[in-house]
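Residue numbers (numbering that gives the first Met the number 0): 0 to 316. Beta carbons: idealized from backbone N, C-alpha and C, even for Gly. As the structure is a computational prediction, the values presented were derived from the model and not from experiment.
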Amino acid sequence: MSKKQIFILGGSGFVGSHLVRRLSADGHQLTVATRYAPAARHLSIVPGVRIQQCRPYDLESLTAAVEGHDLVINLVGILNERGFNGKGFRRAHVELVEKIMIACEAARVPQMIQMSSINAGEGRSHYLVTRGQAEEMVRHANASGLLDTAIFRPSTIFGPDDSFLNRFATLLKISPVLPLARPNARFAPVYVGDVVEAFARVIAAKELGGEIYELCGREVWSLKELVIWLRNQLGLKRAVVGLPDALGKLQGMAFNLVPGKPFSSDNFKSLLLDSVCADNGFLRLDIQPWGMGELAPTWLGGNGSKDKLHPSRSRRD
Ligand SMILES: NC(=O)c1ccc[n+]([C@@H]2O[C@H](COP(=O)([O-])OP(=O)(O)OC[C@H]3O[C@@H](n4cnc5c(N)ncnc54)[C@H](OP(=O)(O)O)[C@@H]3O)[C@@H](O)[C@H]2O)c1
């Protein structure tokens, strides 16, 4: 396997921190670009890693930063914007990707991997619509021979340090009743270790080939099943109440106004679609993905065991 010089945007975050360690183990040289260097300080001791503070929306600065690399990985993504009109999503998901592609072309970087999301381009949420627009640009760059690309589209990603299970765990701990919008929305939570293994295998191949990989764990859960399972796992006595859509929508509108937007109208719209794979890319990469109920108890501890899982969970392979 050839060792690559890899430039990672968004590498300081949850997935990035796991990815950097995994790619370092393969002997690649990594530049972790961050808007604020202290955010990536925890990665500075990883072998082969250089932290570079950069202004990703400044094309000149970005072009200079990517120069000399073989591959750019874009992990930047936001679940909510400050405003309500989609401008923040367009900036982070579309304008940035456009700039990355122009910078790659100018600096002669041949490859790019775009982290996207399951259901990109479907539905009405700004999150998914802008994800789809970014994918379209990446696919076009690949088809016209400008860049050799790959796109990853994971379902919700879990791990000991995720924001998904940890956010629900916090809500369960502080609230006697948890009202849940879109309780029947389905997910196939995917383990972060499996996601970064998929990246590592795709990077090890000579060409990315314009491939698109949906990534799903091997258990499918409804949101309500998942939260009840987590509650039991944590040994808490809490009521989890599924909201009808009219109330779920109102919940989104109310949380729009809470600082940090723990939930939003845009999140509600994304939840109108199930986050499950039509064609699980792990199979093409010869990876057997974990299911959340099999693995998460190893760090959640608590009362749970596999036997307590909801019977409707299904094996996907
Ligand atoms: N976690 C999941 O369940 C999940 C599921 C599907 C898809 N994804 C996608 O996977 C990618 C990584 O997810 P993650 O959970 O690791 O996210 P994360 O922890 O929030 O990290 C994303 C990183 O992007 C940078 N960033 C954030 N907002 C930005 C902005 N407005 N402009 C430029 N950079 C910004 C930040 O880096 P600096 O502050 O250092 O610049 C941040 O560390 C994202 O694209 C996400 O949408 C995640």
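Between V75 and L95, the CB-CB gap stays under 8 Å. Shown here for L225: same chain residues with a beta carbon closer than 7 Å to its own, the five before and five after excluded, namely F186 in chain order. Around the Cβ of M111, a 10 Å sphere holds 16 or more other Cβ atoms; the residue is buried. Within the chosen limit of 7 Å, ligand 1 reaches the beta carbon of S11 through at least one heavy atom. Counting along the chain, M252 sits inside the alpha helix (DSSP H) bounded by residues 244-254. Secondary structure of E196 (DSSP, three-state): helix. Between V176 and R237, the C-beta spacing is below 8 Å. The criterion of a C-beta distance shorter than 8 Å is satisfied by V275 and C215. Short of 6 Å from the beta carbon of V195, and not among the five residues preceding or following it, lie these beta carbons of its own chain, in chain order: H17, L18, R21. The alpha carbon of F83 has as its nearest neighbour, out of D285, N279, N255, G259, the alpha carbon of N255.
Pairing R40 with Q52, the inter-Cα distance amounts to about 11 Å. Cβ neighbours of Q250 within its own chain (closer than 7 Å, five residues either side excluded): P178, A180, L242, F262. Using a 10 angstroms sphere on the CB of Q287, the tally of other CB atoms stays under 16, which defines it as exposed. A contact between stretches requires three or more CB pairs, one per stretch, nearer than 8 Å, and the segment 86-93 fails this requirement with the segment 44-51. Restricting attention to E213, H139, A295, I77, the CA atom closest to the CA of Y190 is found in A295. Under DSSP, I150 takes part in a beta bridge, and its partners are Q113, I211.
Within a 10 Å sphere around the beta-carbon of V240 sit fewer than 16 other beta-carbons, which makes this residue exposed. Residue nearest to I156 within the set P109, E213, Y35, A63 is E213 (criterion: CA-CA distance). Taking each of F167, P55, I202 in turn and checking the Cα distance to L229, the smallest one comes out for F167. For the options A253, S154, W298, the alpha carbon positioned closest to that of F281 is the one of S154. For L22, the enclosing alpha helix (DSSP H) covers residues 13-24.
Considering only G192, H125, G131, the residue with the shortest C-alpha distance to D161 is G192.
With 16 or more other CB atoms across the displayed protein chains lying within 10 angstroms of its CB, N279 is buried. In the DSSP assignment, L235 falls outside any beta strand (DSSP E), carrying neither H nor E. In this structure, DSSP gives T62 a helical state, which the three-state scheme calls helix. Scanning A119, G26, I99 for the CA closest to the CA of D57 turns up I99.
Apart from the 5 residues on each side of it in sequence, G122 sits with its Cβ closer than 8 Å to the Cβ of V128, K268, S269, L271, L272 in its chain, given in chain order. Here DSSP, grouped into helix, strand and coil, assigns L78 to coil. Assignment of Y35 by DSSP, reduced to helix, strand and coil, places it in the coil class. In the displayed model, Y126 falls within a helix according to three-state DSSP. Secondary structure at V71: strand, using DSSP grouped into helix, strand and coil.
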